[in-house]
Amino acid sequence: MSSEKSDIADRADQLYTVAAANAIQEANVGGATVNAHSRCFFADELVELGGLDSNNAVMPLIQYLTKNNLFRTLRQSGGKLGWSVRPRDAARQIKNLDRDEKAVYEEIEAAHTHGIWTKEIKRKTNIGDNSMKKAITKLETTNLIKSITSIKSRYQKTYILAHLTPSEDVTGNSFYDAGDLDESFRDELMNLIIFWVRQHSWKEPSRKHKVKREPTSPVLGAEDKEDGSKKRKRTADIEELGSRPVKHRSARFDPETDHFTQVMYKAGTHNYPTAEGIHAFLSTSEVILPTKRKSLTVQEIQGCIDVLCWDEKLEKVPTRDGEWGYRTVRGISHKPPGAAYGDFDDTSGTALTQAPCGKCPVFDICHEGGSVNPQECVYFTQWLDIPKP
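Under UniProt numbering, the first residue of the sequence shown is numbered 1, with each subsequent residue one higher.
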(Lines of atoms letter the chains of each structure in order from A; the text may use other names.)
(Lines give C-alpha, C1' and ligand atoms only; values in the text may rest on other atoms or scores of the structure.)
Protein backbone atom coordinates (compact mmCIF):
# COMPACT_ATOMS: atom_id res chain seq x y z
CA MET A 1 0.00 0.00 0.00
CA SER A 2 2.82 2.39 0.90
CA SER A 3 4.60 1.62 -2.36
CA GLU A 4 1.41 2.48 -4.27
CA LYS A 5 1.13 5.84 -2.48
CA SER A 6 4.78 6.51 -3.21
CA ASP A 7 4.21 5.72 -6.87
CA ILE A 8 1.25 8.14 -7.04
CA ALA A 9 3.31 10.83 -5.32
CA ASP A 10 6.17 10.39 -7.81
CA ARG A 11 3.91 10.43 -10.87
CA ALA A 12 1.95 13.40 -9.47
CA ASP A 13 5.17 15.32 -8.93
CA GLN A 14 6.19 14.60 -12.54
CA LEU A 15 2.79 15.80 -13.77
CA TYR A 16 3.09 18.98 -11.71
CA THR A 17 6.57 19.69 -13.08
CA VAL A 18 5.44 19.24 -16.70
CA ALA A 19 2.26 21.31 -16.20
CA ALA A 20 4.16 24.15 -14.48
CA ALA A 21 6.79 24.23 -17.25
CA ASN A 22 4.06 24.27 -19.90
CA ALA A 23 2.28 27.17 -18.16
CA ILE A 24 5.51 29.18 -17.90
CA GLN A 25 6.33 28.54 -21.56
CA GLU A 26 2.90 29.77 -22.68
CA ALA A 27 3.21 32.83 -20.44
CA ASN A 28 6.58 33.71 -21.99
CA VAL A 29 5.06 33.48 -25.47
CA GLY A 30 2.01 35.53 -24.44
CA GLY A 31 4.08 38.32 -22.89
CA ALA A 32 3.35 40.44 -19.83
CA THR A 33 -0.42 40.09 -20.21
CA VAL A 34 -0.34 36.33 -19.47
CA ASN A 35 0.48 34.80 -16.07
CA ALA A 36 1.68 31.22 -15.71
CA HIS A 37 -0.44 30.55 -12.63
CA SER A 38 -3.66 31.58 -14.39
CA ARG A 39 -3.37 28.80 -16.97
CA CYS A 40 -6.30 26.42 -16.60
CA PHE A 41 -5.64 22.76 -17.48
CA PHE A 42 -8.49 20.37 -18.21
CA ALA A 43 -8.33 16.64 -17.51
CA ASP A 44 -7.71 15.63 -21.13
CA GLU A 45 -4.80 18.11 -21.34
CA LEU A 46 -3.25 16.69 -18.17
CA VAL A 47 -3.65 13.17 -19.59
CA GLU A 48 -1.65 14.21 -22.65
CA LEU A 49 1.00 16.11 -20.68
CA GLY A 50 1.47 13.21 -18.28
CA GLY A 51 1.62 10.60 -21.03
CA LEU A 52 -1.32 8.72 -19.46
CA ASP A 53 -3.98 6.49 -21.01
CA SER A 54 -7.24 7.98 -19.74
CA ASN A 55 -8.95 10.36 -17.33
CA ASN A 56 -9.20 7.51 -14.82
CA ALA A 57 -5.42 7.33 -14.70
CA VAL A 58 -4.95 11.07 -14.16
CA MET A 59 -7.62 11.64 -11.49
CA PRO A 60 -5.64 10.10 -8.56
CA LEU A 61 -2.72 12.38 -9.46
CA ILE A 62 -4.97 15.46 -9.58
CA GLN A 63 -6.50 14.53 -6.21
CA TYR A 64 -3.02 14.17 -4.69
CA LEU A 65 -1.84 17.53 -6.04
CA THR A 66 -5.06 19.27 -4.96
CA LYS A 67 -4.81 17.83 -1.45
CA ASN A 68 -1.24 19.11 -1.19
CA ASN A 69 -2.28 22.59 -2.46
CA LEU A 70 -0.14 22.30 -5.61
CA PHE A 71 -3.25 22.33 -7.82
CA ARG A 72 -6.12 24.77 -7.46
CA THR A 73 -9.56 23.68 -8.65
CA LEU A 74 -11.36 26.02 -11.06
CA ARG A 75 -14.96 25.74 -12.22
CA GLN A 76 -15.35 27.09 -15.73
CA SER A 77 -18.54 28.20 -17.49
CA GLY A 78 -20.85 25.25 -18.02
CA GLY A 79 -19.62 23.59 -14.84
CA LYS A 80 -16.50 22.05 -16.40
CA LEU A 81 -13.67 21.54 -13.93
CA GLY A 82 -10.12 22.66 -14.52
CA TRP A 83 -6.93 23.09 -12.50
CA SER A 84 -4.16 25.64 -12.26
CA VAL A 85 -0.73 25.23 -10.69
CA ARG A 86 0.41 26.98 -7.52
CA PRO A 87 4.03 27.83 -6.66
CA ARG A 88 5.63 25.18 -4.44
CA ASP A 89 6.55 27.75 -1.78
CA ALA A 90 2.96 28.96 -1.58
CA ALA A 91 1.65 25.39 -1.39
CA ARG A 92 3.88 24.62 1.61
CA GLN A 93 2.74 27.74 3.48
CA ILE A 94 -0.96 27.15 2.76
CA LYS A 95 -0.73 23.91 4.76
CA ASN A 96 -0.03 25.96 7.90
CA LEU A 97 -3.07 28.25 7.54
CA ASP A 98 -6.18 27.88 9.69
CA ARG A 99 -9.70 27.86 8.25
CA ASP A 100 -10.24 31.65 8.24
CA GLU A 101 -6.78 32.39 6.84
CA LYS A 102 -7.25 29.85 4.07
CA ALA A 103 -10.68 31.27 3.20
CA VAL A 104 -9.22 34.78 2.90
CA TYR A 105 -6.32 33.48 0.82
CA GLU A 106 -8.64 31.65 -1.59
CA GLU A 107 -10.77 34.78 -2.16
CA ILE A 108 -7.66 36.84 -2.92
CA GLU A 109 -6.42 34.04 -5.17
CA ALA A 110 -9.73 33.99 -7.05
CA ALA A 111 -9.46 37.73 -7.72
CA HIS A 112 -6.21 36.99 -9.58
CA THR A 113 -4.48 40.06 -11.10
CA HIS A 114 -7.43 42.40 -10.46
CA GLY A 115 -7.07 42.21 -6.68
CA ILE A 116 -9.89 42.46 -4.15
CA TRP A 117 -10.91 44.92 -1.45
CA THR A 118 -11.02 43.93 2.22
CA LYS A 119 -14.69 44.88 2.31
CA GLU A 120 -15.39 42.44 -0.53
CA ILE A 121 -13.40 39.66 1.19
CA LYS A 122 -15.42 40.16 4.35
CA ARG A 123 -18.69 40.02 2.41
CA LYS A 124 -17.79 36.75 0.69
CA THR A 125 -16.29 34.95 3.70
CA ASN A 126 -18.52 36.28 6.51
CA ILE A 127 -15.46 36.60 8.73
CA GLY A 128 -15.45 39.11 11.62
CA ASP A 129 -13.28 42.21 11.69
CA ASN A 130 -10.74 40.92 14.21
CA SER A 131 -10.36 37.56 12.47
CA MET A 132 -10.05 39.36 9.13
CA LYS A 133 -7.25 41.62 10.41
CA LYS A 134 -5.38 38.65 11.91
CA ALA A 135 -5.71 36.65 8.68
CA ILE A 136 -4.51 39.54 6.51
CA THR A 137 -1.56 40.16 8.83
CA LYS A 138 -0.57 36.48 8.81
CA LEU A 139 -0.79 36.24 5.00
CA GLU A 140 1.28 39.40 4.51
CA THR A 141 3.89 38.28 7.06
CA THR A 142 4.33 34.93 5.31
CA ASN A 143 4.60 36.74 1.94
CA LEU A 144 1.55 35.02 0.48
CA ILE A 145 -0.26 38.27 -0.35
CA LYS A 146 0.61 41.95 -0.83
CA SER A 147 -1.33 45.20 -0.81
CA ILE A 148 -1.49 47.38 -3.92
CA THR A 149 -2.82 50.86 -4.67
CA SER A 150 -5.66 50.94 -7.15
CA ILE A 151 -6.12 53.95 -9.42
CA LYS A 152 -9.86 53.39 -9.13
CA SER A 153 -9.87 53.80 -5.36
CA ARG A 154 -6.59 55.01 -3.88
CA TYR A 155 -7.81 54.94 -0.27
CA GLN A 156 -9.35 51.46 -0.38
CA LYS A 157 -6.95 48.64 0.52
CA THR A 158 -6.64 46.11 -2.30
CA TYR A 159 -4.87 42.76 -1.99
CA ILE A 160 -3.33 40.41 -4.53
CA LEU A 161 -1.20 37.25 -4.36
CA ALA A 162 2.45 38.09 -3.73
CA HIS A 163 3.76 36.33 -6.85
CA LEU A 164 1.34 38.04 -9.25
CA THR A 165 1.70 41.33 -11.12
CA PRO A 166 -1.46 43.47 -10.95
CA SER A 167 -3.21 44.31 -14.20
CA GLU A 168 -2.92 47.77 -15.71
CA ASP A 169 -6.59 48.58 -15.13
CA VAL A 170 -5.86 48.38 -11.38
CA THR A 171 -2.50 50.11 -10.97
CA GLY A 172 -2.28 51.94 -14.28
CA ASN A 173 0.73 51.54 -16.54
CA SER A 174 4.31 52.74 -16.23
CA PHE A 175 3.09 56.35 -16.12
CA TYR A 176 1.51 55.83 -12.70
CA ASP A 177 3.38 55.93 -9.41
CA ALA A 178 1.54 54.72 -6.31
CA GLY A 179 -1.77 55.37 -8.02
CA ASP A 180 -0.86 58.90 -9.17
CA LEU A 181 -0.25 59.88 -12.77
CA ASP A 182 3.44 60.79 -13.17
CA GLU A 183 3.02 63.64 -15.65
CA SER A 184 6.68 64.71 -15.57
CA PHE A 185 7.83 61.21 -16.53
CA ARG A 186 5.25 60.99 -19.31
CA ASP A 187 6.26 64.39 -20.74
CA GLU A 188 9.97 63.65 -20.52
CA LEU A 189 9.45 60.27 -22.18
CA MET A 190 7.62 61.82 -25.13
CA ASN A 191 10.34 64.46 -25.45
CA LEU A 192 12.93 61.67 -25.49
CA ILE A 193 10.97 59.92 -28.25
CA ILE A 194 11.04 63.10 -30.35
CA PHE A 195 14.77 63.51 -29.64
CA TRP A 196 15.64 60.00 -30.85
CA VAL A 197 13.20 59.83 -33.78
CA ARG A 198 14.41 63.23 -35.02
CA GLN A 199 17.97 61.94 -35.14
CA HIS A 200 16.87 59.10 -37.44
CA SER A 201 14.36 61.03 -39.56
CA TRP A 202 16.46 63.30 -41.72
CA LYS A 203 19.78 63.15 -43.51
CA GLU A 204 22.23 65.94 -42.91
CA PRO A 205 23.90 67.57 -45.91
CA SER A 206 27.40 68.95 -45.79
CA ARG A 207 27.50 72.13 -43.76
CA LYS A 208 28.45 75.46 -45.19
CA HIS A 209 31.91 76.54 -44.11
CA LYS A 210 31.75 80.08 -42.88
CA VAL A 211 34.63 82.21 -44.19
CA LYS A 212 35.66 85.14 -42.05
CA ARG A 213 35.84 88.20 -44.23
CA GLU A 214 37.55 91.49 -43.54
CA PRO A 215 35.09 94.30 -42.82
CA THR A 216 34.62 96.70 -45.72
CA SER A 217 32.14 99.13 -44.20
CA PRO A 218 33.75 102.53 -43.38
CA VAL A 219 31.06 103.04 -40.74
CA LEU A 220 30.83 99.72 -38.84
CA GLY A 221 34.22 98.16 -39.08
CA ALA A 222 36.93 99.83 -41.14
CA GLU A 223 39.86 101.69 -39.67
CA ASP A 224 39.99 105.44 -40.07
CA LYS A 225 42.99 106.06 -42.32
CA GLU A 226 43.89 109.34 -40.59
CA ASP A 227 44.10 108.33 -36.93
CA GLY A 228 43.92 104.49 -37.13
CA SER A 229 40.97 104.36 -34.75
CA LYS A 230 37.89 102.20 -35.18
CA LYS A 231 34.37 103.41 -34.95
CA ARG A 232 32.31 101.36 -32.54
CA LYS A 233 29.17 99.63 -33.71
CA ARG A 234 26.00 101.06 -32.32
CA THR A 235 23.46 98.58 -30.95
CA ALA A 236 20.75 100.74 -32.44
CA ASP A 237 22.17 100.05 -35.91
CA ILE A 238 20.88 96.52 -35.50
CA GLU A 239 17.97 96.75 -33.09
CA GLU A 240 16.22 99.68 -34.79
CA LEU A 241 15.81 97.62 -37.95
CA GLY A 242 13.11 95.54 -36.29
CA SER A 243 9.93 97.40 -35.50
CA ARG A 244 8.21 94.48 -33.77
CA PRO A 245 9.86 92.07 -31.35
CA VAL A 246 9.39 88.43 -32.33
CA LYS A 247 9.37 85.58 -29.86
CA HIS A 248 11.84 82.78 -30.46
CA ARG A 249 12.98 79.78 -28.47
CA SER A 250 16.41 79.95 -26.93
CA ALA A 251 18.13 77.06 -25.18
CA ARG A 252 21.47 76.59 -23.50
CA PHE A 253 22.96 74.17 -25.97
CA ASP A 254 25.36 74.42 -28.91
CA PRO A 255 23.47 75.47 -32.04
CA GLU A 256 26.14 73.87 -34.23
CA THR A 257 25.21 70.45 -32.91
CA ASP A 258 21.49 71.08 -32.56
CA HIS A 259 20.58 72.75 -35.86
CA PHE A 260 20.83 71.04 -39.20
CA THR A 261 18.90 71.18 -42.42
CA GLN A 262 16.14 68.58 -42.54
CA VAL A 263 16.48 66.86 -45.91
CA MET A 264 14.24 63.89 -46.67
CA TYR A 265 15.55 60.48 -47.62
CA LYS A 266 14.48 59.15 -50.98
CA ALA A 267 11.36 57.01 -50.79
CA GLY A 268 12.10 53.38 -49.98
CA THR A 269 15.76 53.97 -49.05
CA HIS A 270 15.56 54.46 -45.29
CA ASN A 271 14.27 52.49 -42.35
CA TYR A 272 12.51 54.92 -40.05
CA PRO A 273 12.19 54.08 -36.33
CA THR A 274 9.36 51.70 -35.49
CA ALA A 275 7.54 51.36 -32.16
CA GLU A 276 9.66 48.30 -31.36
CA GLY A 277 12.87 50.17 -32.21
CA ILE A 278 11.87 53.16 -30.09
CA HIS A 279 11.04 50.81 -27.21
CA ALA A 280 14.45 49.13 -27.54
CA PHE A 281 16.17 52.53 -27.33
CA LEU A 282 14.16 53.66 -24.30
CA SER A 283 14.70 50.33 -22.53
CA THR A 284 18.46 50.95 -22.58
CA SER A 285 18.47 54.72 -22.10
CA GLU A 286 20.29 55.87 -18.99
CA VAL A 287 18.09 58.97 -18.86
CA ILE A 288 15.24 56.81 -17.51
CA LEU A 289 15.41 55.17 -14.10
CA PRO A 290 16.10 51.40 -14.32
CA THR A 291 12.82 50.51 -12.57
CA LYS A 292 10.84 52.65 -15.02
CA ARG A 293 12.54 51.53 -18.23
CA LYS A 294 12.19 47.89 -17.20
CA SER A 295 8.42 48.26 -16.86
CA LEU A 296 7.88 50.01 -20.20
CA THR A 297 6.08 47.98 -22.85
CA VAL A 298 5.80 48.35 -26.61
CA GLN A 299 2.07 49.02 -26.18
CA GLU A 300 2.78 51.96 -23.85
CA ILE A 301 5.33 53.39 -26.27
CA GLN A 302 2.86 52.99 -29.13
CA GLY A 303 0.35 54.99 -27.09
CA CYS A 304 2.88 57.83 -26.70
CA ILE A 305 3.63 57.72 -30.42
CA ASP A 306 -0.08 57.95 -31.23
CA VAL A 307 -0.40 61.05 -29.03
CA LEU A 308 2.60 62.66 -30.74
CA CYS A 309 1.05 61.89 -34.13
CA TRP A 310 -2.24 63.49 -33.06
CA ASP A 311 -0.28 66.52 -31.87
CA GLU A 312 1.39 66.66 -35.31
CA LYS A 313 4.88 66.17 -33.91
CA LEU A 314 5.42 62.76 -35.51
CA GLU A 315 4.12 61.35 -38.77
CA LYS A 316 3.67 57.79 -39.95
CA VAL A 317 5.80 56.73 -42.94
CA PRO A 318 6.53 53.37 -44.64
CA THR A 319 9.98 51.90 -44.06
CA ARG A 320 12.24 50.14 -46.54
CA ASP A 321 11.14 46.78 -45.09
CA GLY A 322 7.49 47.50 -45.80
CA GLU A 323 6.63 48.18 -42.16
CA TRP A 324 5.36 51.42 -40.64
CA GLY A 325 7.87 53.74 -39.05
CA TYR A 326 7.79 57.29 -37.73
CA ARG A 327 9.66 60.53 -38.34
CA THR A 328 9.38 63.98 -36.86
CA VAL A 329 7.35 66.61 -38.66
CA ARG A 330 9.70 69.08 -40.36
CA GLY A 331 10.69 71.87 -37.98
CA ILE A 332 9.76 70.01 -34.77
CA SER A 333 12.44 70.34 -32.10
CA HIS A 334 12.91 69.00 -28.60
CA LYS A 335 14.36 69.76 -25.21
CA PRO A 336 17.79 68.25 -24.55
CA PRO A 337 17.07 65.05 -22.51
CA GLY A 338 17.16 65.83 -18.81
CA ALA A 339 16.96 69.59 -19.27
CA ALA A 340 14.55 71.54 -17.11
CA TYR A 341 11.67 73.34 -18.69
CA GLY A 342 13.17 76.62 -17.47
CA ASP A 343 16.07 76.14 -19.88
CA PHE A 344 13.75 77.28 -22.67
CA ASP A 345 12.70 80.90 -22.56
CA ASP A 346 10.62 83.04 -24.82
CA THR A 347 12.79 86.10 -25.47
CA SER A 348 12.59 89.00 -27.84
CA GLY A 349 15.03 88.86 -30.73
CA THR A 350 16.80 91.60 -32.69
CA ALA A 351 16.35 92.28 -36.38
CA LEU A 352 19.40 90.13 -37.04
CA THR A 353 17.86 87.11 -35.35
CA GLN A 354 14.47 87.84 -36.88
CA ALA A 355 15.81 87.63 -40.44
CA PRO A 356 14.57 84.47 -42.18
CA CYS A 357 18.09 83.22 -42.99
CA GLY A 358 18.87 82.89 -39.27
CA LYS A 359 16.31 80.14 -38.79
CA CYS A 360 15.76 78.90 -42.35
CA PRO A 361 15.34 75.08 -42.38
CA VAL A 362 17.13 74.80 -45.77
CA PHE A 363 19.88 77.37 -45.20
CA ASP A 364 22.68 74.85 -45.78
CA ILE A 365 21.56 74.03 -49.33
CA CYS A 366 20.65 77.59 -50.37
CA HIS A 367 22.92 79.04 -53.04
CA GLU A 368 22.74 81.04 -56.26
CA GLY A 369 21.53 79.02 -59.21
CA GLY A 370 20.28 76.17 -57.03
CA SER A 371 16.76 74.84 -56.54
CA VAL A 372 16.80 76.80 -53.29
CA ASN A 373 18.29 80.25 -53.90
CA PRO A 374 18.13 83.78 -52.41
CA GLN A 375 16.60 85.32 -55.54
CA GLU A 376 13.43 83.21 -55.33
CA CYS A 377 13.17 83.06 -51.54
CA VAL A 378 9.53 83.22 -50.48
CA TYR A 379 10.43 83.84 -46.86
CA PHE A 380 11.89 87.28 -47.58
CA THR A 381 8.64 88.33 -49.25
CA GLN A 382 6.65 87.22 -46.22
CA TRP A 383 9.13 88.79 -43.79
CA LEU A 384 9.23 92.14 -45.54
CA ASP A 385 5.46 92.00 -46.09
CA ILE A 386 5.87 92.96 -49.76
CA PRO A 387 2.54 92.83 -51.60
CA LYS A 388 2.42 90.42 -54.51
CA PRO A 389 2.31 92.13 -57.96
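Where is the CB? At the ideal position from N, CA and C, for every residue including glycine. Here the structure is a predicted model, which is why all the values come from computation and not from measurement.
- The criterion of a C-beta distance shorter than 8 Å is not satisfied by Met132 and Thr113.
- In the DSSP assignment, Glu276 falls within the alpha helix (DSSP H) that extends over Ala275 to Ser283.
- Straight-line spacing of the CA atoms in Leu61 and Phe41 works out to 13 Å.
- For Glu368, the three-state secondary structure derived from DSSP is coil.
- Here the stretch 361 to 377 does not lie against the stretch 300 to 315, with fewer than 3 beta-carbon pairs under 8 Å apart.
- When DSSP states are grouped into helix, strand and coil, Val329 belongs to the coil group.
- Residue pairing for Ser147: DSSP places it in a beta bridge opposite Tyr159.
- A distance below 8 Å between beta-carbons, with the five flanking residues on each side excluded, links Val329 to the following residues of its chain, in chain order: Glu312, Lys313, Leu314 and Glu315.
- Here the alpha carbons of His367 and Asn373 stand approximately 5 Å from one another.
- Val298: not part of any beta strand (DSSP E); member of the alpha helix (DSSP H) spanning Val298 to Trp310, first to last residue.
- For Gly50, no beta strand (DSSP E) encloses it; the enclosing alpha helix (DSSP H) starts and ends at Ala43 to Gly50.
- Short of 7 Å from the beta carbon of Ala162, and not among the five residues preceding or following it, lie these beta carbons of its own chain, in chain order: Asn143, Leu144, Ile145 and Lys146.
- Every unbroken stretch of the beta strand (DSSP E) spanning 3 or more residues and falling wholly within the stretch 92 to 156 is given here in chain order: 145 to 148.
- Taking the Cβ atoms as the reference, Gly82 lies roughly 15 Å from Leu70, outside the contact range of under 8 Å.
- Each residue's CA atom was taken as its position, placing Asp321 and Met190 some 25 Å apart.
- A straight line joining the alpha-carbon of Cys357 with that of Thr291 spans about 45 Å.
- Sequence-distant partners of Ile94 (beyond 5 residues in either direction) whose C-beta falls short of 7 Å from its own C-beta, in its chain, are Asn69, Lys102 and Tyr105.
- Within a 10 Å sphere around the beta-carbon of Gly78 sit fewer than 16 other beta-carbons, which makes this residue exposed.
- In the DSSP assignment, Arg75 forms a beta bridge with Leu81.
- DSSP places Lys67 inside the alpha helix (DSSP H), whose first and last residues are Asn55 to Lys67.
- C-alpha of Tyr159 to C-alpha of Gly325: approximately 41 Å in a straight line.
- A residue is called buried once 16 or more other Cβ atoms fall within 10 Å of its Cβ, and Arg39 is buried on that count.
- Judged by DSSP secondary structure, Val317 falls within the beta strand (DSSP E) whose first and last residues are Leu314 to Pro318.
- When the alpha-carbon of Ile151 is set against those of Glu188, Thr137 and Gly115, the nearest one is in Gly115.
- Ser174 and Phe281 have their alpha carbons spaced roughly 16 Å apart.
- If you look at Val197, you'll find it in the alpha helix (DSSP H) that goes Glu183 to Gln199.
- Counting of Cβ neighbours within 10 angstroms places Gly50 among the buried residues, the total reaching 16 or more.
- One Cα belongs to Lys124, the other to Glu107, and the distance between them is close to 8 Å.
- Nearest to Lys67 by alpha-carbon distance, out of Ala20, Ala9 and Leu192, is Ala9.
- The C-beta separation of Arg86 from Arg72 comes to about 6 Å, placing the pair in contact by the 8 Å criterion.
- When DSSP states are grouped into helix, strand and coil, Tyr176 belongs to the strand group.
- Thr319 and Gln302 have their C-alpha atoms roughly 17 Å apart.
- Listed as beta-bridge partners of Trp324 by DSSP are Pro318.
- As far as DSSP is concerned, Lys294 takes part in no beta bridge.
- Comparing C-alpha distances from Thr137 to each of Asn271, Asp13, Leu97 and Trp196 shows the shortest one belongs to Leu97.
- A distance of 8 Å or more separates the beta carbons of Ile193 and Ile127.
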